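S.K.: Counting in our numbering, the sequence shown runs from 92 upward without gaps. Ideal Cβ positions, reconstructed from N, Cα and C, are used throughout, including at glycine. If you're wondering where the values come from, they're calculated on a predicted model, not measured in any experiment. The structure's right below; bear with me while I get my questions together.
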Amino acid sequence: AARRTSLSMLLKFALLILSLCHAAPLPSCESDTSSHCLGDGADLSPEGIEACLQALGEAGRSAGCNAYLSMLAGCGAEIGSGGVCAESHMNGETAACLVQRTPEEQLSEGCRAALPEKEEAKGLYGIYWKDGKRELDEDEVGELVGDELDTYLRWIKRKKGKKTDRGKERDYAVRTAKKAAASKQIVAKAEEAARAAKQAGEGAKAQQEAAMKAAEAAAADAVATDMTKTLKPFTRSNIKAFAAQAVKQVKDEL
């Protein structure tokens, strides 16, 4: 049951869609998602993508996808709210954060055990895209060969070319997952503020104000730090709803 909580599913999905297939060493479910979970009649919600991947079973998924899902399961604390890789996870950079950027001593024992063996940083993912996908200059492109060069050229073509129906489906799924994941984070921040006000003996009005202020700040931060630039600003009514949800949650707590 815990594995299928909405936050876990949404955050997993953010990378399933945003990542390209990694030649090495970063694991990914991109090929599995594209091959089995997109297309006419597919459920493009985070829950739908998650259910689709789970329905494939371990034998039906690629080794890279199984490794990716195992990594998420073992590193729940690191990618959850307040975790060392929480922000990177929301921005579709989970594997890079866990495998390449974060010192091992900052990861839990269970997370370290779930990570793939590290290789020397090299090539497209190890060096040039280590901190996120970007356009390379002429000299950098000249350093790429084989599959990595093909991967980069396909990414550039998809980024600049006319979007296909599948590309549009992918973008829609990304935006949906991104907004849902950010919403969860905003509500969590609003809950923290409302709970602190409640513990300080403040009344319902003060708790509501604290939650609203925290939701506004968290919403602005989510948009400002969105590396993919797919997250649009939240409306005033969105933020009020987040604050109301947070206050209700705190009120219902014993």
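1) On the criterion of 16 or more Cβ atoms from any shown chain inside 10 Å, does GLN197 qualify as buried, or is it exposed?
2) With a threshold of 6 Å on Cβ separation, who are the neighbours of MET318 within its own chain once the five nearest residues in sequence on each side are excluded?
3) I'd like to know whether the C-beta atoms of ALA310 and PRO137 end up nearer to each other than 8 Å.
4) So the candidates are LEU117, LEU163, SER172; which of them puts its Cα closest to the Cα of ALA279?
5) According to the Cβ coordinates, are ALA284 and ALA301 closer than 8 Å?
6) Between TYR243 and the rest of its own chain, which residues show a CB-CB distance below 8 Å, the 5 nearest in sequence each way excluded?
7) Specify, as a first and last residue, the run of the alpha helix (DSSP H) that THR242 falls within.
8) Classify ARG94 as buried or exposed, calling it buried when 16 or more other Cβ atoms lie within 10 Å of its own Cβ.
9) Whose C-alpha, out of TYR159, ASN329, THR321, is nearest the C-alpha of ILE277?
10) Please confirm whether LYS221 and ALA187 have their CB atoms less than 8 Å apart.
M.R.: Well, looking at it:
1) exposed
2) ASN182, GLY223
3) no
4) SER172
5) Yes.
6) LEU215, LEU227, VAL232, LEU235
7) 237–251
8) Residue placement at ARG94 is poorly supported in this model, since its pLDDT is 42, which falls under 50; the coordinates still yield a value, given next. Exposed is the call here.
9) ASN329
10) Closer than 8 Å, so yes.
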